[in-house]
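> Numbering (this note's numbering), first residue to last: 1302 to 1355.
Using N, Cα and C, we set each Cβ at its ideal position, and we do this for glycine too.
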């Protein structure tokens, strides 16, 4: 396990989505409409992708 400690995907500077209340925050704090309460559907267009970069 320690072999990958320096190569974790969340540490490479790219966008990394996790399950941690993301949908709730986007809906209630930012007013984003999310189809079927599934954040991955936001990747389908540029506007949705921008919401994920908040």
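At a cut of 8 Å, does the segment 1302–1317 reach the segment 1328–1339 through at least three beta carbon pairs?
Short answer: they don't touch.
> Tell me the DSSP secondary structure of residue 1335 in three-state form.
Working through the chain shown from its first residue, we reach residue 1335 at position 34. If DSSP states are grouped into helix, strand and coil, residue 1335 belongs with coil.
> State the start and end residues of the unbroken alpha helix (DSSP H) segment that holds residue 1349.
Locating residue 1349 in the chain shown gives position 48, counting from the first residue. Its alpha helix (DSSP H) spans residues 1347–1353.
> Could you check the C-alpha separation between residue 1342 and residue 1333 for me, to the nearest Å?
By one-based count along the chain shown, residue 1342 stands at place 41. By one-based count along the chain shown, residue 1333 stands at place 32. Their backbone Cα atoms lie some 12 Å apart in a straight line.
> From residue 1347 to residue 1322, what distance separates their C-alpha atoms?
Taking the first residue of the chain shown as 1, we reach residue 1347 at position 46. Taking the first residue of the chain shown as 1, we reach residue 1322 at position 21. If I take the Cα positions, the gap works out to 22 Å.
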